[in-house]
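2 protein chains.
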Amino acid sequence: MAVTILIVEDELAIQELIALNLKRAGHMVLCAASAEQANKMVSNVLPDLVLLDWMLPDMSGIEFARKLRREDRTKAIPIIMLTARIQESDKIAGLEAGADDYITKPFSPRELLARIKAVLRRRLPEMSDEIIEMGGLRLDPTTHRVHVYPINEPEKLSEIALGPTEFRLLHFLMAYKERVHTRSQLLDRVWGDHVFIEDRTVDVHIRRLRKILEAVDKENLVQTVRGTGYRFSVECDKESIE
Amino acid sequence: MAVTILIVEDELAIQELIALNLKRAGHMVLCAASAEQANKMVSNVLPDLVLLDWMLPDMSGIEFARKLRREDRTKAIPIIMLTARIQESDKIAGLEAGADDYITKPFSPRELLARIKAVLRRRLPEMSDEIIEMGGLRLDPTTHRVHVYPINEPEKLSEIALGPTEFRLLHFLMAYKERVHTRSQLLDRVWGDHVFIEDRTVDVHIRRLRKILEAVDKENLVQTVRGTGYRFSVECDKESIE
DNA sequence: TCATACTGTCATAAATTTGTAACGCTTTAT
DNA sequence: ATAAAGCGTTACAAATTTATGACAGTATGA
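These protein sequence lines are chains A and B, in that order. Residue numbering for the first sequence follows numbering that gives the first Met the number 0, starting at 0 and increasing by one per position. Residue numbering for the second sequence follows numbering that gives the first Met the number 0, starting at 0 and increasing by one per position.
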């Protein structure tokens with residue numbers, strides 16, 4: 000998982016400790032010691048997750064979290080708050096509502112990594128760069144490639160070409176296989192929040208995706224659920240009983 | 000599934016954070032910053048659940064809750080109170096006013112979602128996404144599939160195809176199994192608020208549902224209660240006598 | 001800059017679903 | 001027993017939802 004994580008923490012020792020651990024776990028790490036610095040970083044590189052100390056010198060962690068949530072570009076970034084012991088609950092009212100999780104100091108590197116993993120899995124399964132393989136399809140987010148093979152012969156791979164949107168769509172559908180997604184859910188999560196696109200446009204992209212899959216004999220993977228939306232499924236589509 | 004939630008909260012930041020989290024969890028969200036606004040919204044669209052801030056600028060949350068409970072159309076809507084206080088008296092007052100649950104700030108999105116889920120399971124089981132399994136039928140709202148199997152052999156599943164309405168109807172009946180529903184109750188809750196449809200139409204859909212179930216030897220699950228309506232039941236239909 | 005690839009929208013066709021009316025059978029009440 | 005009320009069934013046209021192909025505007029890349 001080439002996940003980029005931004006650490007916002009003013010205490011240098013802690014910052015470095017965390018950074019070290021995250022790097023060792025294979026993450027890209029960005030560090031900031033203040034909200035101001037963090038803002039600059041964010042405007043350059045969009046991190047996939049933010050570790051945020053709630054006591055910061057300039058702006059409080061809450062405020063920075065709110066700022067992240069307010070702007071479209073950063074709105075969807077998962078946030079994990081780092082907090083010291085038990086704070087006055089009134090003061091952090093609302094704070095936790097913006098964070099995906101929080102962790103109280105002191106914490107072990109292991110706990111931190113576990114929480115990061117959990118948050119990512121929960122929030123962005125389609126972001127985790129794991130290879131998804133099912134129904135004779137293998138999608139590799141890292142290389143951005145999709146291979147096909149006959150179900151019984153995993154040897155005979157062949158690559159198929161997808162446009163950017165089709166790729167994301169397929170990736171999302173596969174990441175949540177078997178689940179039905181409404182068109183608006185797909186628009187929100189594949190296209191992005193707050194896009195002003197017709198629901199029907201999804202149909203067209205589904206069509207394009209299907210066309211490509213049909214060409215390699217994988218027609219039944221993307222299924223329509225009338226009245227609801229679409230689904231990626233390995234199981235056979237309902238063989239209705241006469 | 001496709002649960003519409005009304006958030007009544009005057010603090011914009013919190014309102015948005017909650018909205019964001021709910022949307023991400025796949026809910027439809029309506030927002031109001033005051034009881035007055037909330038009233039207007041409710042008269043347009045009937046939400047499935049209300050998140051209600053205890054302290055509102057114009058009318059207190061409790062009062063709004065009472066109002067909802069007073070009117071027939073809104074009487075059955077589950078309410079979760081959001082409160083900053085931890086006082087016992089508030090809890091009592093809130094519950095007296097008809098709240099189904101309450102949650103004190105600050106709360107994590109996870110906790111909020113968990114409580115919503117719990118309340119839905121208790122109050123609107125047909126809205127919760129849980130798999131319902133009984134009488135050799137397994138209905139999965141998430142994947143939108145219904146499987147059948149002989150009661151003694153849970154292995155031999157086969158999928159059955161239902162139209163959108165039949166699916167909702169079956170889902171509703173199963174969610175409230177053993178309970179009789181009048182035709183108008185079914186129209187209200189399966190078809191939706193304020194539909195102008197003949198009562199008799201329900202019969203036809205029941206017929207369609209039965210036809211499909213008969214084809215897989217599940218004829219006795221949907222039962223008629225003469226003079227009243229229909230019922231989904233695992234117990235045999237009045238064969239005790241005879 | 002030009003050519004190619006991608007996108008979002010439409011219009012139209014195709015497929016399914018839905019609500020009703022009509023008719024006949026069963027149960028209930030008189 | 002007979003009429004009335006309640007249900008089951010079927011057929012069907014209308015309405016809704018999807019699929020598909022074409023098109024024009026944008027990106028993208030060479």
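Beta carbons: idealized from backbone N, C-alpha and C, even for Gly.
Query                                                                                                                         : Result
6 Å Cβ shell around B/Ile150 - same chain, five flanking residues per side excluded                                           : Gly135
Distance CB(A/Ile31)-CB(A/Leu55) smaller than 7 Å                                                                             : Before going further, note that residue 31 of chain A is Ala rather than Ile in the sequence given. In this structure, A/Leu55 does not lie closer than 7 Å to A/Ala31 by Cβ.
Residues of the stretch 196 to 226 of chain A whose Cβ lies closer than 7 Å to any Cβ of chain B, in chain order              : Val224, Arg225 and Gly226
Given B/Leu221 as reference, the closest of B/Val215, B/Thr227, B/Ala214 and B/Val233 once Cα atoms are compared              : Looking at the sequence itself, residue 221 of chain B is Val, so the reference to Leu does not match. Considering only alpha carbons, the answer is B/Val233.
Coil, strand or helix - B/Val201 by DSSP                                                                                      : helix
A/Arg178 and B/Thr141 closer than 7 Å at C-beta                                                                               : yes
Minimum C-alpha distance to A/Leu208 - residue among A/Arg188, A/Leu186, A/Phe195 and A/Leu172                                : A/Leu172
Alpha-carbon spacing of B/Glu158 relative to A/Leu45, whole angstroms                                                         : 44 Å
Where B/Arg206 falls, given that 16 or more other Cβ within 10 Å makes a residue buried                                       : exposed
Backbone CA spacing between A/Val145 and A/Leu186 [nearest angstrom]                                                          : 22 Å
Residues bridged to B/Ile4 [DSSP beta-bridge criterion]                                                                       : B/Val28 and B/Leu48
Below-7 Å beta-carbon distance, B/His143 vs any chain A residue                                                               : yes
Listed by chain order, chain B residues near A/Lys247 by CB distance under 9 Å                                                : In the structure as shown, chain A starts at 0 and stops at 241, and residue 247 of chain A therefore has no counterpart that could be examined.
Per DSSP, cross-strand counterpart(s) of B/Arg121                                                                             : According to DSSP, which records beta bridges pairwise, B/Arg121 is partnered with nothing at all.
Whether A/Val7 touches A/Asp52 by CB criterion (7 Å)                                                                          : yes
Test: B/Pro163 CB closer than 7 Å to a CB of chain A                                                                          : yes
Cβ shell of B/Ser127 (< 6 Å), same chain only, five flanking positions each side left out                                     : Leu119 and Arg120
Range covered by the alpha helix (DSSP H) that runs through B/Ile78                                                           : No alpha helix (DSSP H) holds B/Ile78; the beta strand (DSSP E) holding it covers Ile78 to Thr82.
Residues, ordered as in the chain, of the stretch 68 to 82 of chain A that lie near chain B by beta-carbon distance below 9 Å : Arg68, Arg69, Lys74 and Ala75
Closer than 6 Å: B/Leu48 CB and nearest the ligand ADP heavy atom                                                             : Ligands in the displayed structure: none, and consequently the ligand ADP is not present.
Straight-line Cα distance separating B/Leu50 from B/Pro124                                                                    : 18 Å
Nearest to A/Leu111 (by Cα), restricted to the options A/Arg23, A/Arg182, A/Ala75 and A/Tyr175                                : A/Arg23
CA-to-CA distance, A/Pro163 to A/Met27, given in whole angstroms                                                              : 24 Å
Chain-ordered chain B contacts of A/Arg167 [CB-CB under 8 Å]                                                                  : Within chain B, no residue comes near A/Arg167; the closest Cβ sits about 17 Å away, beyond 8 Å.
CA-to-CA distance, A/Arg137 to A/Glu129, given in whole angstroms                                                             : 11 Å
Per-residue DSSP class, three states only, for B/Arg72                                                                        : coil
Positions along the stretch 171 to 184 of chain A whose CB lies within less than 8 Å of some CB in chain B                    : Glu177, Arg178, Val179, Thr181 and Gln184
Supposed close pair B/Asp99, B/Arg68 - CB separation, criterion 8 Å                                                           : Not confirmed; about 11 Å, so no contact.
Under 8 Å by beta carbon: chain B residues contacting A/Arg230                                                                : Thr142 and His143
Burial state of B/Ile115, where buried means 16 or more other Cβ atoms lie within 10 Å                                        : buried
Among B/Arg182, B/Lys39 and B/Thr82, the one whose alpha carbon lies nearest that of B/Glu10                                  : B/Thr82
Closest residue to A/Val215 among A/Thr227, A/Arg230 and A/Lys155 (Cα-Cα distance)                                            : A/Lys155
Any chain B beta carbon closer than 7 Å to A/Ile240                                                                           : Below a pLDDT of 50, predicted positions are generally treated as unreliable, and A/Ile240, at 36, falls in that range; the measurement from the model is reported next regardless. Chain B contact via Cβ: present.
Limits of the beta strand (DSSP E) - the one that B/Ser157 falls within                                                       : Ser157 to Ile159
Option in A/Phe63, A/Leu212 and A/Gln184 with minimal Cα separation from A/Val201                                             : A/Gln184
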